[in-house]
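Following: one structure in structure tokens, then a few remarks.
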Amino acid sequence: MTTSQPHTAGCLQSRSVERLIHADRQTIFDVLADPFQHHLIDGSDMVSGEPHGPGRLSPGARFTMGMRRWGRVPYRSINEVVEFEEPRLIAWATTGEFRGKPFVGGHRWRYELETLDDGTLVRETYDWSTAMHAHWTIEKPAFPDRFAPAMAATLKRLAELVENPQPARHPA
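If you count by the working numbering, then the sequence shown holds residues 205 to 376, one letter each, in order.
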């Protein structure tokens, strides 16, 4: 089950996509809490290069990620974990900094995991209610509408990764 709809629980500045994934919450959470696996599930194809930061995210953890906008413009996103309830919820706020001060961003990527009888319902939300200059940097370029299909692709890749784990390969 995959749905894409505005998330309206107290906030009109977000988009959510849901998918039922046939894996337990902890397995899914472990992937989301490991920034070194984010390139494996990124449905936007914007993640590029290795992240800098901890191998396991925790409350307040900061990590940066190599990114590429429109397939050609490289930049680094600066992320801070702002919501963390293992294995139910993880979210990070993303900003761009110049000379150590945030100048763009502040939007959040949130993942909520709910155990169901036949798997885990995963909801990914792009929330720009806390973003700086949101009208010009997010709404005018129509990023929420562009991100919805990428979010659905992310959840599809996440499902493929955790529903069909590949055995570890060891050199001979």
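Ideal Cβ positions, reconstructed from N, Cα and C, are used throughout, including at glycine.
On the three-state DSSP scale, how would you describe E364?
For E364, the three-state secondary structure derived from DSSP is helix.
Since R327 contacts R229 with CB under 8 Å, what's their CB separation in whole angstroms?
Between R327 and R229 a beta carbon distance of about 12 Å is seen, past the 8 Å cut, so the two are scored as non-contacting.
Rounded C-beta distance between G257 and P239? I'm assuming under 8 Å.
Yes, they are in contact, since the Cβ atoms of G257 and P239 sit about 6 Å apart, within 8 Å.
Coarse secondary structure for P278, derived from DSSP in three states
Residue state, collapsed to three classes: strand.
For M250, which of helix, strand or coil comes out of DSSP?
DSSP, read as helix, strand or coil, puts M250 in coil.
When the Cα of A356 is compared with those of L216, Q217, V221, which residue comes out closest?
Residue V221 is the option with its Cα nearest to A356.
If you draw a straight line from the alpha carbon of G300 to that of M271, how long is it in whole angstroms?
The alpha-carbon of G300 is positioned some 12 Å away from that of M271.
Quick check: G247 and A354, are their CB atoms within less than 8 Å of each other?
Yes, Cβ-Cβ distance for G247 and A354 is below 8 Å.
Once you ignore the five residues that flank V286 on each side, which residues in its own chain have a CB closer than 7 Å to its CB?
Here V286 has A295, W296, A297, R312 as same chain residues with Cβ atoms under 7 Å from its own Cβ, once five neighbours each way along the sequence are excluded.
Is the CB-CB distance between T319 and I225 below 8 Å?
T319 places its beta carbon 8 Å or farther from that of I225.
Can you give me the C-alpha to C-alpha distance between R260 and E284, rounded to a whole angstrom?
Taking the straight line from one Cα to the other gives about 13 Å.
Taking the alpha carbon of E367 as the point to measure from, which residue in F267, I232, D249, S218 has its own alpha carbon closest?
Checking every option, the nearest Cα to that of E367 belongs to I232.
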